[in-house]
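Note that this note's numbering has the sequence shown beginning at 121, numbered continuously upward. Structure first, commentary second.
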Amino acid sequence: EDDYEFEISPDRAPLPALKSLDREGRVIHIGSFSKSLFPGLRLGFLVGPAPFIREARALRATVLRHPPGLLQRAAAHFLSMGHYDAMLRRLTRAFATRRAVMLKAAEENGLTIAGAIEDGGSSLWMRAPKGVNVAELAHQLKDRSVLIEPGTPFFSTAREGESFYRIAYSSITSDRIPEGIQRIARVQATLAR
121 EDDYEFEISP DRAPLPALKS LDREGRVIHI GSFSKSLFPG LRLGFLVGPA
171 PFIREARALR ATVLRHPPGL LQRAAAHFLS MGHYDAMLRR LTRAFATRRA
221 VMLKAAEENG LTIAGAIEDG GSSLWMRAPK GVNVAELAHQ LKDRSVLIEP
271 GTPFFSTARE GESFYRIAYS SITSDRIPEG IQRIARVQAT LAR
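Put into structure tokens, the structure is as follows:
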């Protein structure tokens, strides 16, 4: 179980981790601070049976060095002082605001959100209009300073994901979101012709 966004759900309590329901020791819970703190930190954790953890540690030691001790101690201190929890509350509020702005802008510009709108997270899944090549959409938007993530890598076959893309709101301020959504809508409309 890789539950990297469970802590940033503003409207509901997080669902229990699969590991908390595991009675047979078959679930490995993986966590990371790279999404919530910063990507360069490269600190995370595993929760699982002791034999698995021993093997994972041995394997990791052969693949790459451990994170610097100073970073590990700084992160541990940050957590122990309660700063991480306070930061998560601020982050959750900021993401909720950005999400609301993005949802409103998407509706106003006629973009289609794919599937149910879930609480929390840091991105939305979108569906492009029929006939729009999402790879070309991503290419043209990049030239207009808007980044989208084509959906094909997230599906078992490229064909299944070819009309989907993901847009994130985690690293953009709320005031810039409407213009980005307008750019997506304009380019989609051009490609749909």
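Even glycine gets a Cβ: it sits at the ideal position worked out from N, Cα and C. From a predicted model like this one, the values you see are computed outputs, not experimental measurements.
Residue i to residue j span [Cα, whole Å]
i: ALA176; j: PHE158; result: 24 angstroms
i: GLU282; j: ILE304; result: 16 angstroms
i: THR310; j: THR277; result: 27 angstroms
i: HIS186; j: SER140; result: 27 angstroms
i: ASN268; j: SER156; result: Note on identity: in this sequence residue 268 is Ile, with Asn being the wrong assignment. ILE268 and SER156: Cα-Cα distance of roughly 20 angstroms.
i: ARG210; j: ARG313; result: 42 angstroms
i: ALA137; j: SER152; result: 14 angstroms
i: ARG213; j: MET201; result: 21 angstroms
i: ALA220; j: ARG143; result: 39 angstroms
i: SER243; j: LEU135; result: 19 angstroms
i: GLY189; j: ASP205; result: 22 angstroms
i: GLY238; j: GLN192; result: According to the sequence displayed, residue 238 carries Glu and not Gly. If I take the Cα positions, the gap works out to 33 angstroms.
i: LYS250; j: VAL183; result: 44 angstroms
i: HIS259; j: ALA178; result: 42 angstroms
Presumed contact (8 angstroms Cβ cut-off) between residue i and residue j, rounded CB distance
i: PRO298; j: ALA225; result: 4 angstroms
i: ILE150; j: LEU166; result: 6 angstroms
i: THR232; j: MET246; result: 6 angstroms
Beta-carbon spacing of residue i, residue j below 8 angstroms
i: VAL266; j: GLY241; result: no
i: GLY271; j: VAL254; result: yes
i: TYR285; j: LEU257; result: yes
i: ALA248; j: GLN308; result: yes
i: ARG321; j: SER294; result: Here the chain covers residues 121 to 313 and nothing more, so residue 321 does not appear.
Residue from the options with nearest C-alpha to residue i
i: VAL147; options: LEU161, GLU121, PRO136; result: GLU121
i: ILE292; options: ILE237, PRO273, PHE215, ARG306; result: PHE215
i: GLY145; options: ASP263, MET201, LEU184, ILE173; result: ILE173
i: ALA194; options: ARG306, LEU161, ALA220; result: LEU161
i: ARG264; options: ARG279, GLU228, GLN302, ILE237; result: GLN302
i: LYS262; options: PHE275, ILE287, PHE274; result: ILE287
Below-8 angstroms beta-carbon distance, residue i vs any chain D residue
i: VAL147; result: The chain labelled as chain D is not found in the depicted structure, where only one protein chain is given.
Next item on the list: Could you name each continuous alpha helix (DSSP H) segment of 4 residues or more that falls completely within the stretch 172-230, going from the start of the chain to the end?
Entry: 189-200, 203-228
Check: Where in the stretch 227-308 do unbroken runs of the beta strand (DSSP E), each at least 3 residues long, occur, reported from the N-terminal end onward?
Finding: 243-247, 284-288
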